[in-house]
């Protein structure tokens, strides 16, 4: 799949992200693979740049369109290795652009940008 120089680059990136098991890339219910954007946010890294080849190859194997894990690969148990984002305070600086994770009505996580801050609260957009 990946040869020579590309393999070493992938190995270094996996080490820097503290990724050892593929289960770390699955959600808590082991039904979907997380997005590259979510992985980078949880690891407190910038999301700039292209999605790496090794991540895209895993997504292609699983299911590119829906990101859902095939039924025969699901264990039905809770994924104890799933990456969980830490709560961080939103900056009071109005010039700083913050991104937050919000639970939607369908029990999905939306990534939103804070567009307006005040002492009473804040407003977001998708």
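Residue numbers (full-length UniProt numbering): 1 to 126. All C-beta atoms, glycine included, are put in the ideal place defined by N, C-alpha and C. It should be emphasised that the depicted structure is a prediction, and the values quoted were computed from it without experimental measurement.
Euclidean distance between Cα positions of residue i and residue j
| i | j | result |
| --- | --- | --- |
| residue 95 | residue 89 | 15 Å |
| residue 5 | residue 11 | 10 Å |
| residue 77 | residue 119 | 42 Å |
Cβ neighbours of residue i in the same chain (closer than 7 Å, five flanking residues each side left out)
| i | result |
| --- | --- |
| residue 60 | none |
| residue 44 | none |
Contacting residues, own chain, Cβ-Cβ under 6 Å from residue i (five flanking each side not counted)
| i | result |
| --- | --- |
| residue 110 | 102 and 104 |
DSSP-derived helix/strand/coil call for residue i
| i | result |
| --- | --- |
| residue 88 | coil |
| residue 9 | helix |
| residue 98 | coil |
| residue 41 | helix |
Nearest candidate by alpha-carbon position, reference residue i, set the options
| i | options | result |
| --- | --- | --- |
| residue 107 | 5, 28 and 19 | 28 |
| residue 35 | 13, 18 and 58 | 58 |
| residue 74 | 18, 99 and 33 | 33 |
Own chain partners of residue i with C-beta closer than 8 Å, once the 5 adjacent residues on each side are dropped
| i | result |
| --- | --- |
| residue 46 | 40 |
At least three beta-carbon pairs within less than 8 Å, the stretch 19 to 35 to the stretch 76 to 90: yes
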